Every structure is written in C-alpha cells, then in structure tokens.
Amino acid sequence: MMRFVLFLCASLFLAGCASHSGDDLQPKTASNVNLHRYQGTWYELARLPMYFQRNCAQSEARYTLMPDGDMSVFNRCLTNQWKWEEARGTATPQVPGKTDKLWVEFNNWFTALLPGVAKGDYWVLYVSDDYKTAIVGSPSRRYMWILSRTPTVNADTREDLLSRARQQGYDTTRLIWRTPDKQMAKSSQ
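Those letters in the sequence shown? Residues -20 to -1, 1 to 169, per mature numbering (1 follows the signal peptide of the UniProt record, and there is no 0), in order.
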C-alpha cells in the first residue's frame, strides 16, 4: 500500500511539472463543471498508463464536495489478485471560482513532509450534459482517464468518448481498458 501511495504522489508530481508552452497547445477543458453534480462514484473505463496503476484491473473514484468548495477524493483499485489498493486526497480548484482545472493532492507521509509539492493536474476535459461520462487528463497529454457512472458503456458512447480524446490530442492507442467483471470472476477461480 505504501508503494502505491508513493508512486501515486510521484506520478502526480511529475504530471504537474510537465506542461506545454502556451495555452493554445494545451487541451481544452469543459469550462464550468458543476462540482455538486460531478461528485459521486466514477468508474474508470480506460486510462493512459500511470505507473502507480500498473496492477489495477478495475479502478473507481469517489468525489465528495466539501463546504469550502474543495472535493474529497477516494480512489481505489482492484488488482488481478483481488486486493484493493486505496488512496485518499483532496481536489482543489487551480483558480478560485473555476472548476474545470483542479489540483489533486493525496494524503500520505510524502505530502505531510512536503505539503503542496506532490500535487497533480486534474483537468476535466469533457463531461456529458447528464454527468454520466467524463474525460479527465493532464495538460501534458501523458495521462488521461475515461470515466463513467457505470462500469460499462455502449459502443456508441465508447466511440464518442474515444473521438473526443483523440480530438484533444491524446494517444488512445495506448489506453488500458478496465478488466471486465466476467474476466475478473474467471481469474478468481
């Protein structure tokens, strides 16, 4: 678990340090994200590889809006060995009053030692009108997550999300997809 949290912090720190020069090269965000509607559970359908998620077969995140406008973050990942790895943190708007670009910082010994250093970009690139699907990424385009309120989506929705990610310049050929429940059930036998 400690390795998971350490790699999570290091990855977010590196993601936060990497950026393109000039706003015109950065991906476009969803503008105003209603954090009240955004809170709740999101299932990761696919991701661009992050080291700390290397053993994750299925991942999910739970966001809870706090009174100060920040969001508490609870991420968990089920490995192929049926073990849960978990991390808690806080998402804070990068610019007060703007909700499309957030900093995420996880609670662990590293952030306690160096507060504010190990935070990563969490840019909401797209969220559907009904807040059932979303795309989140880093401005460097190195990391990206395709999210849904359900563990699966239909083929049309999947293709729409992939198309939106490609239009933003993300390499969707490198995506790691969520391991289907049926496949997880077979691996446990």
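Heads up, the beta-carbon is just placed ideally off N, CA and C, and yes, glycines get one too. Note that the coordinates shown come from a computational prediction; the quantities given were computed from them, not determined experimentally.
ask   = Rounded to the nearest angstrom, how far is the Cβ of N87 from that of R56, given a contact under 8 Å?
value = The Cβ separation is near 14 Å, so there is no contact.
query = Taking the alpha helix (DSSP H) that Y102 falls in, what are its first and last residues?
reply = Run containing Y102: none in the alpha helix (DSSP H); it sits in the beta strand (DSSP E), K99 to V107.
task = Alpha carbon to alpha carbon, how far is V53 from I126? Give it in angstroms, no decimals.
result = Rounded to the nearest angstrom, the two C-alpha atoms are 17 Å apart.
request  = Give me the Cα-Cα distance between G49 and T153, rounded to the nearest whole angstrom.
outcome  = 36 Å
query = Q33 by DSSP, collapsed to three states: which one?
reply = helix
ask   = For S52, does the three-state DSSP call read helix, strand or coil?
value = Looking at S52 - three-state DSSP - the assignment turns out to be strand.
task = Let me know if W64 comes out buried or exposed under the rule of 16 or more other beta-carbons within 10 Å of its beta-carbon.
result = Taking every protein chain shown into account, the CB of W64 has fewer than 16 other CB atoms within 10 angstroms, so this residue is exposed.
query = Does DSSP classify P160 as helix, strand or coil?
reply = coil
task = Could you tell me the distance, in whole angstroms, from the CA atom of I156 to the CA atom of M46?
result = 31 Å
task = Quickly, what does DSSP pair G77 with across the bridge? List them, please.
result = Per DSSP, none; premise fails for G77.
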